[in-house]
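Chemist:
In this note's numbering, the protein residues as written are 708 to 1144.
(1) Is it the case that the Cβ atoms of residue 850 and residue 892 are separated by a distance below 8 Å?
(2) My guess is that residue 913 and residue 876 are in contact by the Cβ rule of under 8 Å, so how many angstroms apart are they, rounded?
(3) Give a yes or no on whether the C-beta atoms belonging to residue 792 and residue 808 are separated by under 8 Å.
(4) Would you tell me roughly how many angstroms separate the C-alpha atoms of residue 939 and residue 945, rounded to the nearest one?
(5) Rounded to whole angstroms, what is the Cα-Cα separation between residue 714 and residue 740?
(6) Are the CB atoms of residue 800 and residue 976 within a distance shorter than 8 Å?
(7) So, is residue 844 buried or exposed, given that buried needs 16 or more other C-beta atoms within 10 angstroms?
(8) From the DSSP output, read off the bridge partner residues of residue 736.
(9) When burial is assigned at 16 or more other CB atoms within 10 Å of the CB, is residue 986 buried or exposed?
(10) Confirm the yes/no value for this check: CB of residue 889, any heavy atom of the ligand COA, distance under 7 Å.
(11) Here's a check: name, in chain order, each residue in its chain whose Cβ is nearer than 8 Å to the Cβ of residue 719, leaving out the five neighbours to either side.
(12) Taking the straight line between their C-alpha atoms, what separation do you get for residue 882 and residue 852?
(13) Taking all protein chains shown into account, decide if residue 744 is buried (16 or more other Cβ within 10 angstroms of its Cβ) or exposed.
(14) At what residue ranges does the segment 962-1038 contain a whole run of the alpha helix (DSSP H), taking only runs of 4 or more?
(15) DSSP on residue 878, reduced to helix/strand/coil?
(16) Determine whether the beta carbon atoms of residue 936 and residue 1003 lie at a separation below 8 Å.
(17) If we call anything under 8 Å between Cβ atoms a contact, is residue 1018 one with residue 1028?
(18) Can you name, in chain order, every residue of its own chain whose Cβ lies under 6 Å from the Cβ of residue 775, other than the five neighbours on each side?
(19) In angstroms, rounded to a whole number, what distance separates the CA positions of residue 992 and residue 1071?
(20) For residue 994, count neighbouring C-beta atoms within 10 Å of its own C-beta (all shown protein chains included) and say buried if the count is 16 or more, exposed if not.
(21) Give every residue of the same chain whose Cβ lies closer than 6 Å to the Cβ of residue 755, excluding the five residues on either side of it in the sequence, and list them in chain order.
(22) By DSSP, does residue 904 sit in helix, in strand, or in coil?
(23) Can you tell me whether residue 824 is buried or exposed, with buried defined as 16 or more other CB within 10 angstroms of its CB?
(24) Output needed for residue 961: all residues of its chain with C-beta closer than 6 Å, excluding positions within five of it in sequence on either side, in chain order.
(25) DSSP has residue 1140 in a bridge; who is on the other side?
(26) Tell me where the beta strand (DSSP E) around residue 729 begins and ends.
(27) Starting from residue 1221, follow the beta strand (DSSP E) in both directions and report where the run begins and ends.
(28) Please classify residue 765: is it buried, with 16 or more other beta-carbons within 10 angstroms of its beta-carbon, or exposed?
(29) Taking only runs of the alpha helix (DSSP H) that begin and end inside the segment 779-847, which ones reach a length of at least 4 residues, in chain order?
(30) State the start and end residues of the unbroken alpha helix (DSSP H) segment that holds residue 1080.
(31) Can you name the start and end residues of the beta strand (DSSP E) that residue 1118 belongs to?
(32) Return helix, strand or coil for residue 1066, following the three-state DSSP convention.
(33) Closest by CA to residue 916, which one among 1124, 1063, 1132, 829?
(34) Alpha carbon to alpha carbon, how far is residue 723 from residue 804? Give it in angstroms, no decimals.
(35) According to DSSP, is residue 1087 helix, strand or coil?
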């Protein structure tokens, strides 16, 4: 079986590379000639652990290739995936489907026989039906089955998520399309991975519902953290007590500065717009999205408190910029709210992130970029831990304290233990630690 992956961004590149690891012939297509040139040279456009080795191994094996020639790639393919961006549309928050529909038109024009056309991009309910309509109008002479196969890849763990997923969701309307997708995912069938076949609309909504639920869970524990601070409780113990209930589970019960990234913010917004248009508003998701945006802004107040209420002329060390560890993704990252707010209050910001500084540079002007934690902390009146990279967990506290002008730390990820920080001479503030901060 041969696959064409239209879009060599995060989802397309990871998905295509993983399919090639299964032994499938895959060609990734992208209009960005510079990106394709870099990929052919082995340069990854994103940071994802293990991706460079995975790509190199399958390129060397002849199973994975990159091109700008969509017509040739699609013409040779049995299955074509659309994996292009669906950003929030300016003005109304709906998912911008222009790239999806453009890709659908180009694919339909290029197919040479029966083809399964799969939407891998995150798309609202009804998109698959519209893609099928486009394909049918352009190529009434050719059978094109449109399938929804949403991705559930976590940045930083995407390869593992593809190779050993919790489930695979496939929305297909014909037996022929279902058979093709079953053959494509045969390695996972053999591992007895749960594979759910549904109609297209159900598959499309499943993706949004899953992301919205996780976003609500994060928002819930953040609000519980605020309550813990008021009543003298410890949110980590509360989360542990909740998570031991198998009906709840311990995932996504870690308080912090609010969720970010490429999925949760835009997907919750798109779902609320779709639900409103359908006359079935999802009030819980609407509230979670609003609370999350307010939380990002509120984090500045925590840092201001650590600075004595006045940031003018002071220096703040920001440790971590990406929205989560093991990625260089800055989309909707809390740092994009915190850093400009501190600068507007008169603070000088020194920052370090193991992977995201090149991405962050154009987005955060005026920041002093540093080579490591200790350089960022040099002369700082306060340090803010914003992204929980593993290397921050092993920081030499004595060296860190010696580098700073004032040993104040605002830990927005609860990486450190309050008692240990107090023993090391730090004025420490965590999240949801009512009795120790």
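Note that CB positions come from ideal geometry on N, CA and C, so glycine has one too.
Modeler: Reading from the atomic positions:
(1) no
(2) 5 Å
(3) no
(4) 12 Å
(5) 12 Å
(6) yes
(7) exposed
(8) 713, 774
(9) exposed
(10) No copy of the ligand COA appears in this structure; indeed no ligand is present at all.
(11) 712, 713, 735, 737, 788, 790, 791, 827
(12) 10 Å
(13) exposed
(14) 971-984, 990-1013
(15) strand
(16) no
(17) no
(18) 740, 743
(19) 30 Å
(20) exposed
(21) 865
(22) strand
(23) buried
(24) none
(25) 941
(26) Taken as a continuous stretch (DSSP letters only), residue 729 belongs to no beta strand (DSSP E), as it is neither H nor E.
(27) No statement about residue 1221 is possible, as the shown extent of the chain runs from 708 to 1144 and does not include it.
(28) buried
(29) 805-817, 834-845
(30) 1080-1084
(31) 1115-1118
(32) helix
(33) 829
(34) 21 Å
(35) coil
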